[in-house]
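Inspection log for the structure reproduced underneath, given as structure tokens.
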């Protein structure tokens, strides 16, 4: 926990000099010239807030000084600390302006203070509008904060320090304010601290919020922790001693490390509460409240390089731990090989030190000194100098800091998502929806999956599907997706992702607008993230226009169901009224003739051709100009295509292969034939599913051939069929929704007219 304020100063009569002497030890790492600038900022803040009081009755200046102290304990740069001192001066006083801050302290300090002030002032301005409700005011407030921190990450770091001190002094607020502020902290600010890897601030924010939002449970858990600690204190001390002795006796560690410390740590009340809630057990069943944290300081490399890496030393220590105590099955967590998205690295294992005497469990954490520092400070560790998200920097000790390394990229990658959502959905999303996207999709529980080659880890909200993953990778990937593979097995895009799965998206460029519309309309119901649903909604509008669907923005908006329980009750829409029946595409073979010469003659009169040896009145008026000429055997047959995406680019040999098969069937039968072609991905059982659909609707399969391109993972099935247009219409609609079907076409061959 970060240190609370010192009580060495009489706050009621605090002077600028006494406050400076109290603050100075926390920022003593800064060089003299930067200390002078911070002291100048303190003097300006002191003058600006002169005479102002907080609810507690203490001078207001105490608050910005405590914010600066918190930032100093994180060893942030002087600009951040100066901004912490000045963050309320422009908003709450008439003495300080942004221009003065920029003139005295530079543009960086101004931008941080400006970001803070924009957020704080917005709610007050909005309240003047009598039509604004409290929820909309707060949503716009948070939206501005999220956007401000994409421009300058230190805006949110200072905001977190500001919120932390406000939570420490929340007891002076009215009870209803305590609850609302604590809930907001728990839902927004604590998850933000976690995203930034700032676990020290995150833990304190969670525990303080928990104390106000659920006082009874907080009291029960703290009491249970105290009881367990008193009961098992001797065991914990003995386990610590055994581990220290094992480490001290190890010759490898003596050779490779400067020191290795073992620290006993009690778990935080809120983390225990979450574990109890997740396991759905009673608080009295909790028996794991302690951690033994092993922090390793490797020797610096000299010469050509170290004998082994710091990570290898951590794994060696893990072996020592398991040499003393057997781990509980499936309790091992390796965050070194697979760091969390915020850059957190550590090895975790849970053991029972004295199995035959007690079931008291202890979690052992193993990390280097650098990993431990990063775990506590997170992104703040990278902001020790003047820095921007994309550039280089120096820290306060003159050492170079690069924000383009993997750790920093992991921590700030989600800021790009906020920028993209703002740019893509500007004008289409209210402030409340925008904040909802961030708080649910970004700040909620996460699931971690691997890209196909395992080189990247992607994290999504818990419960996310393959649809969400595809649209997170890129909008075009989601729009062209037809199927996916998880751990090498073909799955539906509606598959719910689990931790550590390897996900590969299968795309198809030649999907027809009709098929794309139908598939994505179905997937819309299974998209977990709001960002994916907004992208699908946009795609549906585009496909509707391309396929002449009469679909409106309102009808799609009505169709989108909100699946989170706390949302408005879900609404559904029957799309049958806006869907163009497939029969309208099949009836290309039902139109009146434009060229009578294309029909067969019998005794000088037009007659209906035979399909599969039978007269069919639906073929009598066929318009062959809309057909496609087969290229073999002197035009002995003509082919009519219905509702297909011609996949020449994807399967360039399909046309000639399909033509040859239809011509062969035509020649054998001696008359026109009906056919159905289905292009699909290579999936076991898909042929059986297609034939089952045909049989269930009374469509006979006279012949069937199939071809597979294993290199592309795609295939085509060609059926000679016999059935009515109505049945064929229903069959095509069902086949289109089978997992792995990319497109279909249907038609009939036609005897060339015989000259009279």
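Numbering (my numbering), first residue to last: 1055 to 1810.
The beta-carbon is built from N, C-alpha and C at its ideal position, and this holds for glycine as well.
Backbone secondary structure at residue i - three-state DSSP
i, result
"residue 1688", "In this prediction, residue 1688 scores a pLDDT of 34, lower than 50, which makes its location untrustworthy; the coordinate-derived value is nonetheless stated afterwards. In this structure, residue 1688 counts as coil in the three-state DSSP scheme."
"residue 1408", "coil"
"residue 1314", "strand"
"residue 1561", "strand"
"residue 1417", "strand"
"residue 1556", "strand"
"residue 1514", "strand"
"residue 1396", "coil"
"residue 1521", "helix"
"residue 1381", "strand"
Element boundaries [beta strand (DSSP E), containing residue i]
i, result
"residue 1537", "1535-1540"
"residue 1431", "Unbroken run through residue 1431 is the alpha helix (DSSP H), 1423-1431; no beta strand (DSSP E)."
"residue 1402", "1401-1405"
"residue 1390", "First-last for residue 1390: undefined, no H or E at that position."
"residue 1800", "1795-1802"
"residue 1233", "Element bounds for residue 1233: not the beta strand (DSSP E) but the alpha helix (DSSP H), 1229-1238."
"residue 1544", "1543-1545"
Where the alpha helix (DSSP H) through residue i begins and ends
i, result
"residue 1074", "1070-1077"
"residue 1294", "1269-1302"
"residue 1221", "1208-1222"
"residue 1549", "Where residue 1549 is concerned, there is no enclosing alpha helix (DSSP H), given that its DSSP letter is neither H nor E."
"residue 1245", "1244-1249"
Pairwise C-alpha distance: residue j and residue i
i, j, result
"residue 1744", "residue 1751", "11 Å"
"residue 1400", "residue 1247", "18 Å"
"residue 1069", "residue 1098", "12 Å"
"residue 1715", "residue 1536", "27 Å"
"residue 1171", "residue 1264", "28 Å"
"residue 1595", "residue 1710", "35 Å"
"residue 1371", "residue 1349", "10 Å"
"residue 1627", "residue 1767", "Low local confidence applies: a pLDDT of 30 at residue 1627 is under 50, so the model's placement there is unreliable, and no value is given."
"residue 1074", "residue 1112", "17 Å"
"residue 1420", "residue 1129", "24 Å"
"residue 1152", "residue 1138", "14 Å"
"residue 1013", "residue 1533", "There is no way to answer for residue 1013, as the model of the chain reaches only from 1055 to 1810."
"residue 1275", "residue 1581", "37 Å"
"residue 1160", "residue 1072", "26 Å"
"residue 1528", "residue 1559", "11 Å"
"residue 1811", "residue 1385", "Only positions 1055 to 1810 of the chain appear in the structure, and residue 1811 is not among them; the question remains open."
"residue 1590", "residue 1516", "20 Å"
"residue 1053", "residue 1583", "No statement about residue 1053 is possible, as the shown extent of the chain runs from 1055 to 1810 and does not include it."
"residue 1368", "residue 1422", "7 Å"
"residue 1760", "residue 1562", "19 Å"
"residue 1504", "residue 1545", "16 Å"
"residue 1146", "residue 1396", "35 Å"
"residue 1143", "residue 1115", "10 Å"
"residue 1345", "residue 1425", "17 Å"
"residue 1792", "residue 1724", "33 Å"
Residue i CB to nearest heavy atom of the ligand GTP below 6 Å
i, result
"residue 1789", "Absent from the structure shown: the ligand GTP. Ligands present: none."
**Runs of alpha helix (DSSP H) wholly within the segment 1709-1793 (minimum 4 residues, chain order)** = 1740-1750, 1779-1789
**Request:** At 4 residues or longer, and completely inside the segment 1321-1362: list those alpha helix (DSSP H) runs for me, N to C.
**Result:** 1323-1333
**Item:** Length at least 4, wholly inside the segment 1086-1166: the alpha helix (DSSP H) runs in chain order
**Value:** 1086-1102, 1116-1127, 1132-1140, 1143-1146, 1152-1159
**Asked** Any chance the segment 1277-1293 sits against the segment 1235-1249, with 3 or more Cβ pairs inside 8 Å?
**Response** no
**Asked** Is the segment 1375-1383 close to the segment 1401-1410, with three or more CB pairs under 8 Å?
**Response** yes
**Asked** Does the count of Cβ pairs from the segment 1291-1304 and the segment 1324-1332 closer than 8 Å reach three?
**Response** no
**Item:** Segment contact flag, the segment 1129-1139 with the segment 1102-1111, C-beta cutoff 8 Å, min 3 pairs
**Value:** no
**Message:** Taking contact to mean 3 or more Cβ pairs, one atom from each stretch, closer than 8 Å, check whether the segment 1793-1803 and the segment 1728-1744 are in contact.
**Reply:** yes
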